[in-house]
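In our numbering, the protein residues as written are 110 to 489. Right, one structure below, let's go through it.
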Ligand SMILES: C[S@@+](CC[C@H](N)C(=O)[O-])C[C@H]1O[C@@H](n2cnc3c(N)ncnc32)[C@H](O)[C@@H]1O
């Protein structure tokens, strides 16, 4: 899945954009990085909390642009990537011997091959349980060997994060998926035939004391001090007929959790999801599709609470149209808690971007699907 930047506009011209790296990730803000950086620079802040860091693209871009970054997500894969890209004291070459060692291991059968490896039957995915698989067996056998070895080696926190991030990136380059692990392709993708090969991630030595957290946003907010908080939560589904069709990160990326933990969990269903990623047991209030006790949608209550409990002067909020939170409800929350200083809209289908003043004109645009907004709020 290649992501491109939207057409440049006056807001993004002449902006040096640092290179970032990650796995394919639904909702990644790779294409919005120029606008995010520009809005952050507009208010000259130093410490920024990336509160729903996901792929860590935004955290990387902020850190490589001179900000001190507090990187948070409740998902463990995000924590490992955050440590890898933000916490290294060394340059990439310091990790080459470790990565070479992992690449040189003889492949072996193991837990990942048993559950997620398939054979090639003339271009079609074949497995003894009859299910489609996310990787070819020649690669899960390499995964089994590498993942076991990472646990055997006496690694520092950063070395471990570098090894695991490198494994996630390597697997992402040979997967048989559409960018998540909720289902797999029947006909093997061309990239699944490649050999899983690890490379040292494109990290840079830290120039600030960045911090990485794996916390629920509501337990984190009272504990951290930041000049600006960037919020990019999931925005519940507004699909009344099929609420389960909403993106649920812990369920969609269950395999990244298992690779990080290497805990051989019980699994269920055709996609072999971890039991603790089932619809009943996991998730986030931001992925909810029901009404809460106040009569408002649970996700609206959560956004309201999140902005209320933020102690920073500046808030940058991402919002995608088509979610459970309507533009009008969001406007009410923003107006209640502060003054919106900037609104930026990106239409991904038309590949155009516009900066607009707070005239309410964005409300009309927000009725159209596939619109992405950035609000810069000064809190009262
Ligand atoms: C839209 S994605 C963020 C994408 C990210 N900005 C990027 O560029 O990759 C939303 C993220 O919120 C995380 N998340 C959901 N609920 C959360 C919660 N209650 N606390 C912390 N993180 C949460 C998910 O794991 C997911 O990575």
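Positions of the beta carbon are idealized from the N, C-alpha and C atoms, including for glycine. These numbers were taken from a predicted model, which means no experiment stands behind them.
Under DSSP, the beta-bridge partners assigned to residue 486 are 424, 449.
If you ignore the 5 residues before and after residue 281, its C-beta comes within less than 7 Å of the C-beta of 132, 133, all in its own chain and listed in chain order. Within the same chain, and ignoring the five residues on either side of residue 286 in sequence, the residues whose Cβ sits closer than 6 Å to its Cβ are 243, 293. In this structure, residue 403 and residue 340 do not form a Cβ contact; the two beta carbons are roughly 20 Å apart against a cut-off of 8 Å. Under the DSSP assignment, residue 194 falls in the alpha helix (DSSP H) whose first and last residues are 185 to 195.
For residue 279, the enclosing alpha helix (DSSP H) stretches over residues 266 to 281. Assigned with DSSP and collapsed to three states, residue 244 falls in strand. For residue 289, the shortest separation between its Cβ and any heavy atom of ligand 1 does not lie below 7 Å. Taking the C-beta atoms as reference points, residue 479 is found no nearer than 8 Å to residue 444. Taking a C-beta distance under 8 Å as the contact criterion, residue 406 and residue 414 do not qualify as a contact pair. Annotated three-state conformation of residue 200 is coil, per DSSP.
Of the residues 436, 441, 447, 263, the one whose Cα lies closest to the Cα of residue 454 is 436. The beta carbon of residue 361 lies closer than 7 Å to those of 135, 289, 290, 291 in the same chain, with the five residues before and after it left out. Residue pairing by DSSP leaves residue 212 without any beta bridge partner. Check the Cα spacing between residue 452 and each of 149, 128, 127, 130: the tightest is with 149.
Using a C-beta cut-off of 8 Å, the segment 200 to 217 makes no contact with the segment 227 to 244, since fewer than three inter-stretch Cβ pairs fall below that distance. Within the same chain, 157 come within 6 Å of residue 176 by CB-CB distance, once the 5 residues on both sides are set aside. About 6 Å separates the CB atoms of residue 433 and residue 344; that is less than 8 Å, so the two are in contact. When distances are taken from the beta-carbon of residue 184 to the heavy atoms of ligand 1, the shortest one is below 7 Å.
Taking C-beta atoms as the reference points, residue 196 and residue 333 fail to come closer than 8 Å.
In the DSSP assignment, residue 178 is bridged to 157.
Beta-bridge partners assigned by DSSP to residue 234: 229. Secondary-structure assignment with DSSP links residue 406 through a beta bridge to 400.
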